[in-house]
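Colleague: Structure provided below as structure tokens; questions to follow.
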Amino acid sequence: MRLRTFNYFFKEAFISLIRNRWMSLASIGAVASALIILGSFLLISVNFDHILKDVESQVEITAYLEDTVDSIGITRLNSQISSISGVKEVKFISKEAALEEFKQQVGKDLLEGIDNPLPNSFRIKVDNPQNVASVAGEIQNLKGVEEVKYGKGVVEKLFNIIYWIRLLGLVIMVVFAAVSIFIISNTIRLTVFARRREINIMKYIGATDWFVRWPFLIEGMVLGFIGSAIAIGILAGGYVYLYNIVKLNIPMISLIPMEEFYNYALGFLAIGMFIGAFGSSFSIRRFLHV
Amino acid sequence: MRLRTFNYFFKEAFISLIRNRWMSLASIGAVASALIILGSFLLISVNFDHILKDVESQVEITAYLEDTVDSIGITRLNSQISSISGVKEVKFISKEAALEEFKQQVGKDLLEGIDNPLPNSFRIKVDNPQNVASVAGEIQNLKGVEEVKYGKGVVEKLFNIIYWIRLLGLVIMVVFAAVSIFIISNTIRLTVFARRREINIMKYIGATDWFVRWPFLIEGMVLGFIGSAIAIGILAGGYVYLYNIVKLNIPMISLIPMEEFYNYALGFLAIGMFIGAFGSSFSIRRFLHV
Amino acid sequence: MIEMFGVSKVYPGGLDALKDINLKISRGEFVFIVGPSGAGKSTFIKLLFREELPTRGQIFFNGKNITRMRNRDIPFLRRRIGIVFQDFRLLPEKTAYENVAFAMEVVEASSREIRRKVPQVLERVGLSHKADAKPSELSGGEQQRVALARALVNEPDVLVADEPTGNLDPDTSWEIMKLLSDINKRGTTVVVATHARELVNAMRKRVLQLDKGRLVRDEERGVYSNEA
Amino acid sequence: MIEMFGVSKVYPGGLDALKDINLKISRGEFVFIVGPSGAGKSTFIKLLFREELPTRGQIFFNGKNITRMRNRDIPFLRRRIGIVFQDFRLLPEKTAYENVAFAMEVVEASSREIRRKVPQVLERVGLSHKADAKPSELSGGEQQRVALARALVNEPDVLVADEPTGNLDPDTSWEIMKLLSDINKRGTTVVVATHARELVNAMRKRVLQLDKGRLVRDEERGVYSNEA
Ligand SMILES: Nc1ncnc2c1ncn2[C@@H]1O[C@H](COP(=O)(O)OP(=O)(O)OP(=O)(O)O)[C@@H](O)[C@H]1O
Ligand SMILES: Nc1ncnc2c1ncn2[C@@H]1O[C@H](COP(=O)(O)OP(=O)(O)OP(=O)(O)O)[C@@H](O)[C@H]1O
Ligand SMILES: [Mg+2]
Ligand SMILES: [Mg+2]
Numbered sequence: 130m131r132l133r134t135f136n137y138f139f140k141e142a143f144i145s146l147i148r149n150r151w152m153s154l155a156s157i158g159a160v161a162s163a164l165i166i167l168g169s170f171l172l173i174s175v176n177f178d179h180i181l182k183d184v185e186s187q188v189e190i191t192a193y194l195e196d197t198v199d200s201i202g203i204t205r206l207n208s209q210i211s212s213i214s215g216v217k218e219v220k221f222i223s224k225e226a227a228l229e230e231f232k233q234q235v236g237k238d239l240l241e242g243i244d245n246p247l248p249n250s251f252r253i254k255v256d257n258p259q260n261v262a263s264v265a266g267e268i269q270n271l272k273g274v275e276e277v278k279y280g281k282g283v284v285e286k287l288f289n290i291i292y293w294i295r296l297l298g299l300v301i302m303v304v305f306a307a308v309s310i311f312i313i314s315n316t317i318r319l320t321v322f323a324r325r326r327e328i329n330i331m332k333y334i335g336a337t338d339w340f341v342r343w344p345f346l347i348e349g350m351v352l353g354f355i356g357s358a359i360a361i362g363i364l365a366g367g368y369v370y371l372y373n374i375v376k377l378n379i380p381m382i383s384l385i386p387m388e389e390f391y392n393y394a395l396g397f398l399a400i401g402m403f404i405g406a407f408g409s410s411f412s413i414r415r416f417l418h419v
Numbered sequence: 130m131r132l133r134t135f136n137y138f139f140k141e142a143f144i145s146l147i148r149n150r151w152m153s154l155a156s157i158g159a160v161a162s163a164l165i166i167l168g169s170f171l172l173i174s175v176n177f178d179h180i181l182k183d184v185e186s187q188v189e190i191t192a193y194l195e196d197t198v199d200s201i202g203i204t205r206l207n208s209q210i211s212s213i214s215g216v217k218e219v220k221f222i223s224k225e226a227a228l229e230e231f232k233q234q235v236g237k238d239l240l241e242g243i244d245n246p247l248p249n250s251f252r253i254k255v256d257n258p259q260n261v262a263s264v265a266g267e268i269q270n271l272k273g274v275e276e277v278k279y280g281k282g283v284v285e286k287l288f289n290i291i292y293w294i295r296l297l298g299l300v301i302m303v304v305f306a307a308v309s310i311f312i313i314s315n316t317i318r319l320t321v322f323a324r325r326r327e328i329n330i331m332k333y334i335g336a337t338d339w340f341v342r343w344p345f346l347i348e349g350m351v352l353g354f355i356g357s358a359i360a361i362g363i364l365a366g367g368y369v370y371l372y373n374i375v376k377l378n379i380p381m382i383s384l385i386p387m388e389e390f391y392n393y394a395l396g397f398l399a400i401g402m403f404i405g406a407f408g409s410s411f412s413i414r415r416f417l418h419v
Numbered sequence: 293m294i295e296m297f298g299v300s301k302v303y304p305g306g307l308d309a310l311k312d313i314n315l316k317i318s319r320g321e322f323v324f325i326v327g328p329s330g331a332g333k334s335t336f337i338k339l340l341f342r343e344e345l346p347t348r349g350q351i352f353f354n355g356k357n358i359t360r361m362r363n364r365d366i367p368f369l370r371r372r373i374g375i376v377f378q379d380f381r382l383l384p385e386k387t388a389y390e391n392v393a394f395a396m397e398v399v400e401a402s403s404r405e406i407r408r409k410v411p412q413v414l415e416r417v418g419l420s421h422k423a424d425a426k427p428s429e430l431s432g433g434e435q436q437r438v439a440l441a442r443a444l445v446n447e448p449d450v451l452v453a454d455e456p457t458g459n460l461d462p463d464t465s466w467e468i469m470k471l472l473s474d475i476n477k478r479g480t481t482v483v484v485a486t487h488a489r490e491l492v493n494a495m496r497k498r499v500l501q502l503d504k505g506r507l508v509r510d511e512e513r514g515v516y517s518n519e520a
Numbered sequence: 293m294i295e296m297f298g299v300s301k302v303y304p305g306g307l308d309a310l311k312d313i314n315l316k317i318s319r320g321e322f323v324f325i326v327g328p329s330g331a332g333k334s335t336f337i338k339l340l341f342r343e344e345l346p347t348r349g350q351i352f353f354n355g356k357n358i359t360r361m362r363n364r365d366i367p368f369l370r371r372r373i374g375i376v377f378q379d380f381r382l383l384p385e386k387t388a389y390e391n392v393a394f395a396m397e398v399v400e401a402s403s404r405e406i407r408r409k410v411p412q413v414l415e416r417v418g419l420s421h422k423a424d425a426k427p428s429e430l431s432g433g434e435q436q437r438v439a440l441a442r443a444l445v446n447e448p449d450v451l452v453a454d455e456p457t458g459n460l461d462p463d464t465s466w467e468i469m470k471l472l473s474d475i476n477k478r479g480t481t482v483v484v485a486t487h488a489r490e491l492v493n494a495m496r497k498r499v500l501q502l503d504k505g506r507l508v509r510d511e512e513r514g515v516y517s518n519e520a
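Residue numbers (the working numbering), protein chains in the order written: chain P, 130 to 419; chain C, 130 to 419; chain W, 293 to 520; chain V, 293 to 520.
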């Protein structure tokens with residue numbers, strides 16, 4: 130195929146985009162709509178996941194120490210616990226600090242006048258929530274540790290819930306992606322359908338399949354590109370807007386900053402162009418066999 | 130317009146659905162896809178709201194009693210608190226029960242051998258989370274109540290977050306609904322576009338606008354109906370499936386049973402038919418003026 | 293029944309398809325419109341049934357000024373004119389029978405009437421055996437005859453045919469012309485744009501000759517061309 | 293160059309459009325195909341360039357059996373045959389110039405070649421002044437001539453024209469026939485399906501007459517019809 134023919138394909142594709150501007154807009158709209166929906170859901174679920182991770186990372190192990198452990202023992206235990214693989218953070222809570230916290234929690238000096246009944250303790254965070262149980266077990270075995278608590282049961286339940294929420298999110302994501310692809314290719318198919326006679330005629334006067342296909346393919350790619358660029362623009366704009374509102378009004382929820390989605394945006398452009406190109410070249414197949 | 134003409138419109142509509150079966154399927158697919166997306170999001174957000182309500186209703190007020198209050202005083206306080214407007218549930222926690230719970234919480238009998246330092250208390254739930262602060266204030270004023278706690282600050286923050294999440298959900302819902310309507314009408318417009326010549330010809334041989342429009346309108350309505358019925362079927366099936374999985378695996382999350390969505394389903398049918406009918410009759414407008 | 297006063301048509305792009313046409317076609321006349329390719333014959337016909345509006349001038353149909361007609365009255369004008377289009381304009385998804393029947397549905401004829409008249413008119417154009425074929429399954433001449441049948445079926449006041457024998461062999465063309473002549477004898481005004489020299493010469497009807505948009509000849513009992 | 297052996301075509305629906313056709317058209321011949329409406333002329337042509345496959349029989353083009361041709365070789369067959377379709381088949385979104393140019397793009401001609409030849413061939417069919425008009429802005433006869441220009445522009449081995457003068461006045465028809473005759477004299481095989489009795493009678497070329505799908509006459513220097 131000559132280079133000049135390729136020039137021709139590009140020229141044809143762009144002329145056709147403009148001549149059929151009405152259908153071009155419909156296709157671009159469909160691509161943009163579908164990707165806006167898909168992208169919104171993606172943003173929601175990625176952020177939700179981010180929040181879930183936050184929740185997971187809140188899970189702590191508390192190790193209560195025997196009253197007999199002195200400050201040397203505490204230092205030793207601290208380094209022993211720190212060296213357990215999977216441990217991310219170790220924090221010592223003296224019995225006084227514990228009492229203070231308890232008072233805070235109950236809201237009043239209920240234990241006033243009596244001896245502090247609370248023990249010294251460590252609070253340990255692990256790097257991966259899945260390791261909580263095993264780390265807790267290892268700490269339990271250390272000398273000087275009287276008891277280990279980590280909300281057994283509750284943590285497993287929480288993880289279970291999080292697991293199911295993630296799975297659900299994934300399922301919905303897959304469904305949405307499939308539906309989006311369907312919507313886009315459906316629209317492109319209709320625009321090709323509206324031009325079925327044109328395709329037939331080209332074939333009748335001796336065009337090869339690829340000669341007919343190329344301009345459509347390029348056209349589809351351009352439509353997909355423009356459509357996904359619009360989707361990305363709207364999503365990015367909307368997200369930044371929301372991000373700032375959330376940051377201002379609900380500081381305790383930390384959303385992922387827009388910058389981290391740049392690679393997703395590229396993915397979207399790729400998806401848009403891919404579906405556009407293959408949607409249209411696939412759709413013309415049935416009109417080529419004349 | 131004669132009745133027999135109306136019969137004719139219906140006949141025409143159905144014949145055309147079958148003759149243009151390929152485009153009919155595309156339209157039905159578009160309606161179904163858009164409504165599946167919209168419906169999924171609706172189901173998610175209604176359930177999410179349900180869970181948020183659950184969270185809200187977990188907010189409790191704890192009223193610690195003075196040690197001097199005897200069992201008669203407790204009964205009196207119980208009925209006084211109950212009679213405060215907005216109070217939904219009052220539960221008495223004796224100091225022994227509180228100790229037991231504390232032990233449970235800490236995981237070990239840390240307070241062994243010393244006197245129970247904890248006071249008697251009431252735990253109060255309110256009907257509307259917005260009332261927490263005012264109810265707490267009223268209880269504070271009752272004689273025999275030493276202190277009232279309700280996680281001041283935290284509750285307000287929680288409510289704030291919930292407010293924003295709801296608002297976000299609503300915004301996304303509106304966006305999704307708009308995008309869905311766009312997708313559906315876009316597709317219908319394309320199917321009408323593919324038949325533009327046909328519409329012109331009808332007009333050229335003396336058909337009135339309404340004569341051309343009616344079969345399209347009926348056709349659009351049938352397409353919308355079928356499309357939304359399919360969407361409802363898939364959504365209901367998927368939801369019941371998920372509902373059972375969730376019920377089995379995460380009993381602590383209570384989803385809304387399918388039955389409660391029956392009115393939504395009717396709404397969906399109405400939306401589908403409306404967009405189908407008006408989408409198609411609107412789209413043919415520009416081809417009628419010849 | 294049809295009157296034109298100073299009618300001109302300039303298509304966007306600057307072409308003068310018709311220039312200052314003045315004429316009168318009376319009820320019951322049979323008129324041929326002749327002229328070379330691009331002379332403005334189809335444009336003349338398009339003005340009659342309001343496919344196009346004239347750029348200047350007035351057109352009256354049965355005393356009504358159709359250039360000033362409201363959009364919603366146009367369908368009723370068109371129903372009184374049966375048209376055979378040069379490019380047929382058949383509905384591609386309907387069979388020959390349905391294409392003809394559709395013209396009757398449009399005027400809300402009863403189904404009994406439809407079942408009676410459609411086969412009758414298909415018979416007259418010699419297409420009974422093709423009633424169930426779609427346009428794409430018909431030969432060029434067969435499509436042309438379906439278009440004619442559709443124009444006839446409602447017994448219009450005027451029958452306007454644009455090149456109704458362009459795809460027909462001489463024998464079939466003759467039959468079609470006889471058919472048009474018959475219909476004319478029963479009182480229908482007939483206007484035929486054509487290139488069929490032999491037929492025009494043989495029929496000796498009124499001939500309007502267009503050339504580059506001008507009406508250059510209007511002759512009773514005329515022939516296709518005065519030269520040759 | 294074109295040979296048919298026992299070729300029959302039965303359309304779905306049971307109609308025998310062609311029955312047992314045997315014939316040979318040699319390189320450089322000029323052949324008219326005549327016959328009443330629905331006789332099978334267009335079907336004959338559709339078989340030549342593989343729009344339709346015969347139900348039975350073999351067709352050879354330049355010694356190649358085109359009924360056994362692979363799909364991907366069909367475009368190259370079609371490029372050697374210039375076709376004027378009865379229904380024109382112009383690309384509606386392209387101008388007259390672009391429609392003709394497109395046929396050259398298909399064979400990957402250079403843009404210089406295209407800029408040279410397209411105006412030339414439009415000139416030959418008398419449409420230079422309509423180069424920038426789209427089909428919807430052309431009269432019936434003008435569209436037909438664009439279709440002819442498109443068929444000519446690649447200088448095909450065979451020119452096949454289905455009713456190329458159906459929408460043309462006698463004078464223009466004569467010019468077109470002279471054009472076809474010219475082309476034929478320069479070596480191109482020409483096959484014309486037509487109803488134009490006068491032209492066929494005047495040209496005295498080989499005539500193939502079809503009737504209800506049968507080849508009923510094959511006559512050198514023949515006339516349109518032996519009766520009348
Ligand atoms: N929509 C249009 N826009 C611009 N020019 C047009 C349009 N329709 C027709 N024309 C031009 O107007 C002139 C008259 O066209 P018209 O169709 O009336 O010719 P005609 O007499 O019917 O010719 P034919 O015998 O070839 O059918 C032609 O030159 C044609 O190119
Ligand atoms: N796709 C098809 N399906 C079924 N029947 C068809 C199809 N195409 C053509 N026919 C029938 O085959 C017969 C021959 O058709 P063809 O188009 O070859 O006729 P023709 O000789 O070209 O006639 P005309 O002069 O009217 O163009 C006709 O009776 C026609 O109805
Ligand atoms: Mg014309
Ligand atoms: Mg034919």
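Heads up, the beta-carbon is just placed ideally off N, CA and C, and yes, glycines get one too. All values derive from a computational prediction rather than experimental measurement.
With distances taken from each beta carbon to the nearest heavy atom of ligand 3, which residues come in below 7 Å, in chain order?
Modeller: Matched residues: W:K333, W:S334, W:Q378, W:D454, W:E455, W:A485, V:S431, V:G432, V:G433, V:N459.
Colleague: Which value, in whole angstroms, describes the spacing of the CA atoms of W:A520 and W:P328?
Modeller: With a pLDDT of only 47 at W:A520, under 50, the local geometry of the prediction cannot be trusted, and the value read off the model is given with reservation. Using only the alpha carbons, I get a separation of about 14 Å.
Colleague: Checking 9 Å against the spacing of the C-beta atoms, do C:A406 and C:I313 come in under that value?
Modeller: Taking 9 Å as the Cβ cut-off, C:A406 and C:I313 do not qualify as a contacting pair.
Colleague: In angstroms with no decimal places, state the Cα-to-Cα distance between W:G349 and W:I325.
Modeller: About 20 Å.
Colleague: Given a cut-off of 9 Å on the beta-carbon distance, is the pair V:F353 and P:Y333 in contact?
Modeller: Their beta carbons are not under 9 Å apart, which means V:F353 does not touch P:Y333 by this criterion.
Colleague: Can we count V:H487 as close to ligand 2, meaning its CB is less than 8 Å from some heavy atom?
Modeller: Indeed, a heavy atom of ligand 2 lies less than 8 Å from the Cβ.
Colleague: Nearest to P:G158 by CA position, among P:I359, P:Y368, P:L364, P:S412, is which residue?
Modeller: Among P:I359, P:Y368, P:L364, P:S412, the Cα nearest to that of P:G158 belongs to P:I359.
Colleague: Is V:Q378 close to chain W, meaning its C-beta is less than 9 Å from at least one C-beta of that chain?
Modeller: Output row for V:Q378: interface = yes.
Colleague: Sorry if obvious, but does the Cβ on W:G479 come closer than 8 Å to a heavy atom of ligand 1?
Modeller: No, ligand 1 has no heavy atom inside 8 Å of this Cβ.
Colleague: Looking at the unbroken alpha helix (DSSP H) that takes in C:R150, where does it start and where does it end?
Modeller: Run containing C:R150: 150-187, per the alpha helix (DSSP H) assignment.
Colleague: Can you grab the Cα-Cα spacing for the pair P:L319 / P:S145, in whole Å?
Modeller: About 15 Å.
Colleague: Note down the Cα distance separating W:R478 from W:P448, rounded to an integer number of angstroms.
Modeller: Approximately 11 Å, taken between the alpha carbons.
Colleague: Judging by CA-CA distance, which residue of C:E230, C:I404, C:Y193, C:A265 is the nearest neighbour of C:G349?
Modeller: Out of C:E230, C:I404, C:Y193, C:A265, C:I404 has the C-alpha closest to the C-alpha of C:G349.
Colleague: Hey, could you find the ends of the alpha helix (DSSP H) P:M331 is sitting in?
Modeller: Run containing P:M331: 325-333, per the alpha helix (DSSP H) assignment.
Colleague: In angstroms, rounded to a whole number, what distance separates the CA positions of W:D308 and P:T337?
Modeller: Each residue's Cα considered, the two are about 40 Å apart.
Colleague: So, helix, strand or coil for W:Q378, using DSSP?
Modeller: Here W:Q378 sits in coil by DSSP.
Colleague: If you measure from the CB of C:G353, is any heavy atom of ligand 6 nearer than 8 Å?
Modeller: Ligand 6 is absent from the structure shown, which contains only ligand 1, ligand 2, ligand 3 and ligand 4.
Colleague: Verify the contact flag: V:Y389, CB atom, against every heavy atom of ligand 1, threshold strictly below 8 Å.
Modeller: The answer is no for V:Y389.
Colleague: Just to confirm, does W:L382 get its C-beta within under 8 Å of one of the non-hydrogen atoms of ligand 2?
Modeller: For ligand 2, not one heavy atom lies less than 8 Å from the Cβ of W:L382.
Colleague: Please look up how many angstroms separate the CB atoms of C:E276 and C:Y368, rounded, as I've assumed it's under 8 Å.
Modeller: No, C:E276 and C:Y368 are not in contact; Cβ-Cβ is about 46 Å, not under 8 Å.
Colleague: Taking V:E434 as the query, report the chain W residues whose CB atoms sit under 8 Å from its CB, ordered along the chain.
Modeller: Here the neighbours are S329, G330.
Colleague: With a threshold of 8 Å (Cβ to nearest heavy atom), would W:K422 be considered close to ligand 2?
Modeller: Within the cutoff, so yes.
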